[in-house]
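The listed protein sequences derive, respectively, from chains A and B. In this note's numbering, each residue carries its 1-based index in the first sequence increased by 101. In this note's numbering, each residue carries its 1-based index in the second sequence increased by 25. Note that CB positions come from ideal geometry on N, CA and C, so glycine has one too. Worksheet: one structure, shown below.
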Amino acid sequence: NAGVTQTPKFQVLKTGQSMTLQCAQDMNHEYMSWYRQDPGMGLRLIHYSVGAGITDQGEVPNGYNVSRSTTEDFPLRLLSAAPSQTSVYFCASRAGTGYYEQYFGPGTRLTVT
Amino acid sequence: KNQVEQSPQSLIILEGKNCTLQCNYTVSPFSNLRWYKQDTGRGPVSLTIMTFSENTKSNGRYTATLDADTKQSSLHITASQLSDSASYICVVSFNTGGFKTIFGAGTRLFVKA
Numbered sequence: 102n103a104g105v106t107q108t109p110k111f112q113v114l115k116t117g118q119s120m121t122l123q124c125a126q127d128m129n130h131e132y133m134s135w136y137r138q139d140p141g142m143g144l145r146l147i148h149y150s151v152g153a154g155i156t157d158q159g160e161v162p163n164g165y166n167v168s169r170s171t172t173e174d175f176p177l178r179l180l181s182a183a184p185s186q187t188s189v190y191f192c193a194s195r196a197g198t199g200y201y202e203q204y205f206g207p208g209t210r211l212t213v214t
Numbered sequence: 026k027n028q029v030e031q032s033p034q035s036l037i038i039l040e041g042k043n044c045t046l047q048c049n050y051t052v053s054p055f056s057n058l059r060w061y062k063q064d065t066g067r068g069p070v071s072l073t074i075m076t077f078s079e080n081t082k083s084n085g086r087y088t089a090t091l092d093a094d095t096k097q098s099s100l101h102i103t104a105s106q107l108s109d110s111a112s113y114i115c116v117v118s119f120n121t122g123g124f125k126t127i128f129g130a131g132t133r134l135f136v137k138a
């Protein structure tokens, strides 16, 4: 049971480039989320999904797209990278809302120059 | 405004000593409160989850307390170990027609030999 996996671990992009951060989970969880973590701030929700085919915006969705074609995968796409998107990105999954445990991936450190 | 504030921002203690981390929140209506441990370069890992009816929850040397009336929580670490060096994040969830979560900025704990 690998839990939540993310690739790549590190990435450097030039301003204007696009890329996809991959996230997968093998726990058959319906709920998956993407967060960004910036120094001195709490994790902020970018997008989330409550099941295959269903996605919604979080607190800071601008500049990011998501899709959920399967229960296992939840990729995050940066459309045109900007220096303000330099951050550490975490994917998380959980079986439901409320009291359910949330499991985080190891993170992707992204630098946009 | 819904907020989660943690104190202190950072803390240095000697190995074997106890410490207490604080979390104050202004979230309403409260659903649950979680404490996470985040090692450097890793994703957060859950330590405890509490609903409003739970005053105390333990996980080994970690004990979380919750006072839903004053909207305060604390995380007490007993007999600290070098491996306790990490960031500790308080996360409060609430339900206002949709399930939402706010992450505190964390307390960075350094345990020295």
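Note to self: Would the segment 148-166 of chain A count as touching the segment 129-140 of chain A if we require 3 or more Cβ pairs under 8 Å?
What the structure shows: yes
Checklist line | Where Arg86 (chain B) falls, given that 16 or more other Cβ within 10 Å makes a residue buried | finding: Translated into the one-based positions of the second sequence, residue 86 (chain B) becomes position 61. Answer is exposed; the Cβ neighbour count stays below 16.
Check: Within 8 Å (strictly less), CB to CB, does Phe205 (chain A) reach chain B?
Finding: Along the first sequence, one-based indexing puts residue 205 (chain A) at 104. Yes, its Cβ sits closer than 8 Å to a Cβ of chain B.
Notebook entry, point to check: Out of A:Asp127, A:Met128 and A:Val113, which has the shortest C-alpha to C-alpha gap to Thr121 (chain A)?
Noted result: On the first sequence, position 20 is the one that residue 121 (chain A) refers to. It is A:Val113 whose Cα lies nearest to the Cα of Thr121 (chain A).
Next item on the list: For chain B, find out if any of its Cβ atoms is closer than 8 Å to the Cβ of Phe175 (chain A); answer yes or no.
Entry: Taking the first sequence and counting its residues from 1, one reaches residue 175 (chain A) at position 74. Answer no: the Cβ-Cβ gap between Phe175 (chain A) and chain B never drops below 8 Å.
Next item on the list: Report back the beta-carbon spacing between Thr209 (chain A) and Pro109 (chain A) to the nearest angstrom; my notes put them in contact at under 8 Å.
Entry: One-based indexing of the first sequence puts residue 209 (chain A) at position 108. One-based indexing of the first sequence puts residue 109 (chain A) at position 8. That pair is a contact at about 6 Å.
Next item on the list: Work out the CA separation of Gln186 (chain A) and Phe111 (chain A) for me, nearest whole Å.
Entry: For this step, residue 111 (chain A) is matched to residue 10 along the first sequence. For this step, residue 186 (chain A) is matched to residue 85 along the first sequence. C-alpha separation (whole angstroms): 14 Å.
Checklist line | Option in B:Ile114, B:Ala138, B:Glu79 and B:Thr126 with minimal Cα separation from Pro33 (chain B) | finding: Within the second sequence, numbered from 1, the residue matching residue 33 (chain B) stands at position 8. Nearest option by C-alpha distance: B:Ile114.
Checklist line | Alpha carbon of Ser98 (chain B) to alpha carbon of Pro69 (chain B), nearest angstrom | finding: For this step, residue 98 (chain B) is matched to residue 73 along the second sequence. For this step, residue 69 (chain B) is matched to residue 44 along the second sequence. CA-CA distance, Ser98 (chain B) to Pro69 (chain B), rounds to 18 Å.
Next item on the list: State the DSSP-derived secondary structure class of Asp109 (chain B), mapped to helix, strand or coil.
Entry: Reading the second sequence from its first residue, position 84 is the one you call residue 109 (chain B). Reduced to three states, the DSSP call for Asp109 (chain B) is helix.
Next item on the list: Output, in sequence order along the chain, the residues in the segment 37-50 of chain B whose CB is closer than 8 Å to any CB in chain A.
Entry: Taking 8 Å as the Cβ-Cβ cut-off, the segment 37-50 of chain B has no residue approaching chain A.
Next item on the list: Write down every uninterrupted run of the beta strand (DSSP E) in the segment 168-201 of chain A whose length is 3 residues or greater and which is fully enclosed by it, in chain order.
Entry: Listed in chain order, the complete beta strand (DSSP E) runs (minimum 3 residues) inside the segment 168-201 of chain A are 177-179 and 188-195.
Notebook entry, point to check: Under 8 Å, do Asn43 (chain B) and Thr103 (chain B) count as touching if we go by C-beta distance?
Noted result: On the second sequence, position 18 is the one that residue 43 (chain B) refers to. On the second sequence, position 78 is the one that residue 103 (chain B) refers to. Yes, the pair counts as a contact, with Cβ atoms nearer than the cut-off.
Next item on the list: Quick one: measure Cβ to Cβ for Gly117 (chain A) and Tyr204 (chain A), integer angstroms, because I've assumed they're closer than 8 Å.
Entry: If you number the first sequence from 1, residue 117 (chain A) lands on position 16. If you number the first sequence from 1, residue 204 (chain A) lands on position 103. With 8 Å as the limit, Gly117 (chain A) and Tyr204 (chain A) do not qualify as a contact, their Cβ atoms being about 33 Å apart.
Item checked: Where the segment 111-125 of chain A meets chain B: residues whose CB sits under 7 Å from a CB there -> So nothing in the stretch comes that close.
Checklist line | Test item: CB-CB of Ser35 (chain B) and Phe119 (chain B) under 8 Å | finding: Indexing the second sequence from 1 puts residue 35 (chain B) at position 10. Indexing the second sequence from 1 puts residue 119 (chain B) at position 94. No, the Cβ-Cβ distance between Ser35 (chain B) and Phe119 (chain B) is not below 8 Å.
Next item on the list: Would you please verify whether the beta carbon of Phe128 (chain B) is less than 8 Å from any beta carbon of chain A?
Entry: What you label residue 128 (chain B) is simply residue 103 of the second sequence in a count that begins at 1. Chain A contact via Cβ: present.
Check: Got a sec, what are the start and stop residues for the beta strand (DSSP E) Gly85 (chain B) sits in?
Finding: Your numbering for residue 85 (chain B) matches position 60 in the second sequence. Taken as a continuous stretch (DSSP letters only), Gly85 (chain B) belongs to no beta strand (DSSP E), as it is neither H nor E.
Checklist line | Residues that Ile74 (chain B) contacts on chain A, provided the C-beta gap is smaller than 8 Å | finding: Indexing the second sequence from 1 puts residue 74 (chain B) at position 49. Result: Tyr200 and Glu202.
Margin query: Please list, in chain order, the chain A residues whose beta carbon lies closer than 7 Å to that of Gly68 (chain B).
Written below: On the second sequence, position 43 is the one that residue 68 (chain B) refers to. Here the neighbours are Phe191, Phe205, Gly206, Pro207 and Gly208.
Next item on the list: Check each residue of the segment 71-96 of chain B: if its Cβ is closer than 8 Å to any Cβ of chain A, include it; give the result in chain order.
Entry: Ser71, Ile74 and Thr76
Note to self: On the criterion of 16 or more Cβ atoms from any shown chain inside 10 Å, does Phe135 (chain B) qualify as buried, or is it exposed?
What the structure shows: Residue 135 (chain B) sits at position 110 when you count from the first residue of the second sequence. Result: exposed.
Note to self: So that I know if they touch, is there some Cβ in chain A lying closer than 8 Å to that of Ser108 (chain B)?
What the structure shows: Here residue 108 (chain B) corresponds to residue number 83 of the second sequence, with the count starting at 1. No, Ser108 (chain B) lies away from the interface with chain A (no Cβ there is under 8 Å from its Cβ).
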